[in-house]
Amino acid sequence: MLDTGDEEATFHQLAQQGTLLLKHCDSCDAFLLPDAMFCTECLAEELRWVPASGSGWLFSYVIIHQRFPEFADNGPYAIACIQLSEGPRLFSSIAMGDLDTLHIGMSVQLYFEVVVDGLCLPKFMLIQSGDSSPTARA
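Here it is as structure tokens:
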């Protein structure tokens with residue numbers, strides 16, 4: 717397993733159980749990515765772990781066609797910027813499928829994949845083919 721600090725160990729332990737943790741600022745109700753040291757909205761330093769819903773939508777993506785020898789069976793694949801329902805944006809990969817059908821606004825759901833030595837990484841799968849994003853998203 718990775719040699720990590722206590723906070724990172726907590727994140728990885730819950731990832732093994734299928735839970736994505738975010739940081740939450742009680743001062744301004746902002747949700748932040750797990751590596752946040754302080755609130756980027758109000759600068760408060762008091763943050764606590766909260767489980768993410770696991771839902772979101774496809775904010776942006778790129779399809780990688782390059783095949784590296786070590787990963788010859790893994791292409792093409794999509795790397796995406798996921799807008800989580802709670803607000804933060806997270807870069808991850810999209811589960812294999814028909815990459816030609818990907819479009820901005822598609823709904824996604826979190827799952828975890830064990831990549832090496834018990835390390836679980838958050839990944840996302842498409843949960844519907846339609847655009848579920850509100851008309852205006854920032």
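Numbering follows my numbering, with no gaps: position 24 of the sequence shown is 740.
Cβ coordinates follow ideal geometry from the N, Cα and C atoms, glycine included.
- request: Might you give, ordered along the chain, the residues of its own chain that have their beta carbon closer than 8 Å to the beta carbon of E761, omitting 5 neighbours on each side?
  value: M753, F754 and C755
message: With a threshold of 7 Å on Cβ separation, who are the neighbours of F727 within its own chain once the five nearest residues in sequence on each side are excluded?
response: L737 and P750
field: Nearest residue (CA-CA) to W773, options Q799, E786 and I780
entry: Q799
field: Q782 in three-state terms, based on DSSP
entry: coil
field: Identity of the residue in G791, A725 and S776 nearest S808 by Cα
entry: S776
Neighbourhood of C741 by C-beta, 6 Å cutoff - its chain only, sequence neighbours within 5 removed: C755, A760 and L763
query: Can G803 and A746 be called in contact, C-beta distance under 9 Å?
result: yes
- request: Assuming I711 contacts L842 (C-beta within less than 8 Å), just tell me the rounded distance between them.
  value: The chain is shown from 717 up to 854; residue 711 falls before or after that span and cannot be answered.
query: Candidates V832, L818 and E757: which alpha carbon is nearest I779's?
result: L818
task: From the DSSP output, in three-state form, read off F828 for me.
output: strand
field: Spatially closest choice to V830 from M822, V824 and K839, by CA coordinates
entry: K839
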